[in-house]
Amino acid sequence: MQGFWLKFTDGSAGYCEGSNAYDAKVIAEKLTGKTVSGETYKPDAKTLPYPASPVIWQLDHPVTGKCPAFCFKPNQCAGHGSCPQDYSCTE
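First residue of the sequence shown? That's 1216 in our numbering, and the numbers climb one at a time after it.
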């Protein structure tokens, strides 16, 4: 599973995991009842290195459980494969 920061047509956004961007879009639309921005097979979805709030859906791993949502600036980090910050966002 990969995490995506999805933007909805109503202006809101959220984190959702899926096997790809389209999968995350379908999951998010089913769970929220909202429409993800972008085209059908090219949604407005950017990868996130870590989960962020609000979490729409994420895999509950049978051994390690869910990863906490500790990306505090998802709009800045969206599209990156790792955290672009030189230091913790909480400092």
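By construction, the Cβ of each residue, glycine as well, lies at the ideal position given by its N, Cα and C atoms.
How many angstroms separate the CA atom of residue i from the CA atom of residue j?
i	j	result
D1259	A1228	10 angstroms
M1216	Q1291	21 angstroms
L1263	C1286	8 angstroms
K1245	D1275	18 angstroms
By Cβ distance, which residues of its chain are closer than 8 angstroms to residue i, with the 5 residues on each side in sequence left out?
i	result
Q1273	M1216, G1218, Y1230, C1231, E1232, P1266, K1281 and C1282
K1249	F1223, T1224, D1225, S1227 and A1243
Q1235	Residue identity check: residue 1235 is Asn in the sequence provided, not Gln. So the list reads Q1217, once near-sequence residues are dropped.
Check for me: the alpha helix (DSSP H) holding residue i runs from which residue to which?
i	result
E1232	Careful: E1232 lies outside any alpha helix (DSSP H), inside the beta strand (DSSP E) at A1228 to G1233.
Does DSSP put residue i in a helix, in a strand, or in coil?
i	result
A1239	helix
K1245	helix
With residue i as the anchor, note down where its beta strand (DSSP E) starts and where it stops.
i	result
Q1291	Taken as a continuous stretch (DSSP letters only), Q1291 belongs to no beta strand (DSSP E), being part of the alpha helix (DSSP H) at P1289 to C1292.
With DSSP as the reference, identify every bridge partner of residue i, one or two as the case may be.
i	result
H1276	G1280
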